[in-house]
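Colleague: One structure is given below, represented as structure tokens, and several questions about it will come after.
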Amino acid sequence: MIPNNLANPQEVILTGDRATGPLHLGHYVGSLKQRVALQKDHEQTILVADMQGLTDNAFNPAKVSSNILNVVADYLAVGIDPKQTTLCLQSQLPALAELTMYYSNLVSVARLQRNPTVKAEVKDKNFERGIPAGFLTYPISQAADITGFNATIVPVGEDQIPMLEQTNEIVRKINALAGGEILKECRPMLSKVPRLPSTDGKAKMSKSLGNAINLGASEQEIRVAVKSMYTDPSHLRVEDPGQTEGNVVFTYLEAFHPDQGYVDRLKVQYRQGGLGDGTTKTILEECLQEVLRPIRQKRAEFLDDKGQLIELLKAGSDIAREKTEQVMFDVRGVFGLNIFS
Ligand code: ATP
Ligand code: MG
């Protein structure tokens with residue numbers, strides 16, 4: 046694992062997001078900022094995972110199709126530069142689906158059911174009675190995404206660690222079958238905020254749980270979200286000592302405030318008593334308004350020219366298609382099936 050530092054320039058970076066909604070503050074601190082920092086010195090691909098989005102939205106496909114360009118606009122708004130990062134669309138890279146089919150033969154259903162992130166999501170989505178096969182197997186498709194680019198570093202949030210473990214198991218199986226290194230193992234790159242909680246503190250901030258502050262949130266939406274944030278329920282009066290651990294306002298101040306020395310002083314005061322939640326929330330709201338104002342504005346500008354976003358994604362997908370086809374050829378070769386060449 047590579048905690049919170051930059052990888053060496055030989056590393057190949059692949060990461061992505063499901064097109065299930067606009068991106069939020071969890072993406073920003075969990076992965077997007079790392080990607081912006083990495084793109085200058087590394088080969089980096091970002092995949093908009095539309096097919097993976099369908100694994101739990103197949104009967105509401107418009108949710109996925111209508112969010113593809115939102116996600117691209119979010120990337121550009123936070124500083125992803127399409128000249129430095131290849132932006133591509135999963136459904137337009139058929140080699141990834143083919144790789145998924147080959148890898149599926151190497152993974153047991155029991156192994157998929159044991160994946161802790163999948164387990165938690167099955168519960169959240171009420172899939173206990175009938176899990177779509179595509180959903181259960183999405184870690185395999187994610188292994189195809191990562192290996193399809195020969196990626197060695199994957200900047201992700203904490204929930205993705207089990208996916209990377211499964212990817213490496215598949216890599217080892219393919220390499221054992223091949224008798225040599227056909228695929229490379231990957232490592233997660235976690236940020237200093239690997240799991241941003243939702244404003245109620247109950248879950249991870251997620252597009253699908255409806256608990257997110259989006260990068261395009263309006264001033265009013267930010268205000269309302271901060272006002273409703275979970276703090277310390279036993280901190281009733283301003284003069285009472287309060288807890289900062291598990292207090293979402295402080296978690297966000299640690300994640301987003303530019304002056305961490307100031308945040309440390311606030312924490313001391315809050316623990317001693319004498320600092321009210323109204324004040325800490327006002328400080329946080331100002332900070333989030335500052336962070337999101339320029340992003341919201343750029344995002345709206347990019348969304349004004351959807352044709353340009355489609356062109357970008359198409360050009361990146363053309364580059365990505367070639368890379369993934371090469372890996373696909375190598376993997377098919379491991380199974381002795383390149384009989385026409
Ligand atoms: P969905 O609810 O549809 O699964 P999501 O909000 O979980 O959406 P994903 O597209 O699944 O977002 O995740 C994209 C990337 O962002 C992954 O690397 C994931 O770990 C990271 N990420 C998502 N939410 C958070 C969060 N709250 N904190 C840190 N990282 C996050
Ligand atoms: Mg997710």
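This note's numbering puts the sequence shown at residues 46 to 386. A virtual CB, placed ideally from N, CA and C, is assigned to each residue, including glycine. As the structure is a prediction and not an experimental result, all values here were calculated from the model.
Tell me which residues share the same chain as residue 230 and place their Cβ nearer than 6 Å to its Cβ, disregarding the 5 neighbours each side in the sequence.
Modeller: 213 and 216, listed in sequence order.
Colleague: Looking only at C-alpha atoms, which of 93, 328 and 376 sits nearest to residue 138?
Modeller: When only C-alpha atoms are compared, the closest one is 93.
Colleague: Measuring only the C-alpha atoms, how far is residue 389 from residue 252?
Modeller: Summary: the structure shown does not reach residue 389, with the chain confined to residues 46 through 386, and so no result is reported for it.
Colleague: Nearest by alpha-carbon distance to residue 327: which of 179, 273 and 356 is it?
Modeller: The candidate whose alpha carbon is nearest that of residue 327 is 273.
Colleague: Over what stretch of residues does the beta strand (DSSP E) that includes residue 93 continue unbroken?
Modeller: Segment 88–94, the beta strand (DSSP E) holding residue 93.
Colleague: Residues bridged to residue 287 by DSSP?
Modeller: According to DSSP, residue 287 bridges with nothing at all.
Colleague: Compare the beta carbon distance of residue 372 and residue 195 with 8 Å and say whether it is the shorter of the two.
Modeller: Yes; because the gap between Cβ atoms is below 8 Å, this pair is in contact.
Colleague: For residue 119, count the other beta carbons within 10 Å of its own beta carbon; 16 or more makes it buried, fewer makes it exposed. Which is it?
Modeller: Buried, since its Cβ has 16 or more Cβ neighbours within 10 Å.
Colleague: So, at 8 Å on beta carbons, what are the nonlocal neighbours of residue 209 in its own chain, with the 5 sequence-adjacent residues on each side left out?
Modeller: So the list reads 191, 199, 201, 231, 232 and 233, once near-sequence residues are dropped.
Colleague: Tell me where the beta strand (DSSP E) around residue 57 begins and ends.
Modeller: 57–63 is the span of the beta strand (DSSP E), which, as asked, contains residue 57.
Colleague: Under 7 Å: does the beta carbon of residue 179 sit that close to some heavy atom of the ligand ATP?
Modeller: Result no, Cβ not under 7 Å from the ligand ATP.
Colleague: Determine contact between the stretch 78–95 and the stretch 317–326, defined as no fewer than three beta-carbon pairs at a distance below 8 Å.
Modeller: No, they do not touch.
Colleague: Verify the contact flag: residue 186, CB atom, against every heavy atom of the ligand MG, threshold strictly below 7 Å.
Modeller: Because no heavy atom of the ligand MG lies under 7 Å away, the Cβ of residue 186 does not count as near it: no.
Colleague: Closest by CA to residue 271, which one among 356, 245, 287 and 255?
Modeller: Considering only alpha carbons, the answer is 245.
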